[in-house]
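Q: Heads up, the working numbering is the position in the sequence shown plus 14, with the first residue counted as 1.
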Amino acid sequence: MKLDDLINGVVFLVLGIGIVAYAQSLPTMAQIEYGPGFLPSIVGTGMALAGAALIIARIWKNVGIVDGWFAFNGNGLRGLLGVGIFLAAIVFYILTADTFGFLIVAPILLFVIVYWFERRWKLAITVSIVGTFLLHTFFYQIMKAPLPWGILIEYSGALTW
15 MKLDDLINGV VFLVLGIGIV AYAQSLPTMA QIEYGPGFLP SIVGTGMALA GAALIIARIW
75 KNVGIVDGWF AFNGNGLRGL LGVGIFLAAI VFYILTADTF GFLIVAPILL FVIVYWFERR
135 WKLAITVSIV GTFLLHTFFY QIMKAPLPWG ILIEYSGALT W
């Protein structure tokens with residue numbers, strides 16, 4: 015399903031502005047320069063800018079137009095299963111990450127999602143390994159967000175790069 019880019023742009027612009035407004039209301043912390051609203055502010059600003067770009071491209075260049083408000087050109091059951099895999103991946107992560115840990119659950123989920131959509135083993139394996147490394151590095155090392163260690167808690171010192 016594809017919505018007209020004017021609708022997509024307005025939705026992203028409004029959501030982005032809402033995220034930034036909410037992020038600014040989060041309390042700051044005295045011991046660090048950036049607080050809990052830092053990353054949501056970046057994401058919200060990016061969403062608002064992307065929404066504005068979609069609106070401008072749609073109006074000025076007539077890009078992203080569909081007949082009516084939306085067009086559906088899905089491939090039936092396979093497209094529906096793709097949505098189901100994403101939702102199942104979220105539920106699977108929520109239910110298993112604390113027990114098994116991010117470094118075990120994330121590559122499994124990335125592999126399943128990439129393989130489902132691309133049907134290429136080597137790409138799925140590469141994305142699952144490199145993607146897990148990059149996500150762990152960004153969130154755990156750089157942003158200092160606590161990721162669950164699960165059964166790898168004994169090796170957390172050795173697995174921190």
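Even for Gly, the Cβ is constructed at its ideal location relative to N, Cα and C.
Mind checking residue 26: buried by the 16 CB within 10 Å criterion, or exposed?
A: buried
Q: I think residue 54 touches residue 66, with their Cβ atoms under 8 Å apart; what is that distance to the nearest whole Å?
A: Not a contact, Cβ separation roughly 18 Å.
Q: Unbroken alpha helix (DSSP H) runs of length 4 or more, entirely within the stretch 66–149: which are they?
A: The qualifying runs are 91–114, 116–132.
Q: My assumption, with CB atoms under 8 Å, is that residue 130 sits in contact with residue 96. Please give the rounded CB distance.
A: 6 Å
Q: I believe residue 116 touches residue 162 by the beta-carbon criterion, under 8 Å. Please report the beta-carbon distance rounded to the nearest angstrom.
A: 5 Å
Q: Does the Cβ-Cβ distance between residue 24 and residue 70 come in under 8 Å?
A: Not in contact: residue 24 and residue 70 (Cβ atoms no closer than 8 Å).
Q: At which residues does the alpha helix (DSSP H) containing residue 26 begin and terminate?
A: That run of the alpha helix (DSSP H) goes 19–39.
Q: Go through its chain and collect everything with a Cβ distance to residue 132's Cβ below 8 Å, but skip five positions before and after it.
A: The residues are 138.
Q: Just checking my contact of residue 58 with residue 34 at CB under 8 Å: how many whole Å lie between their CB atoms?
A: 4 Å
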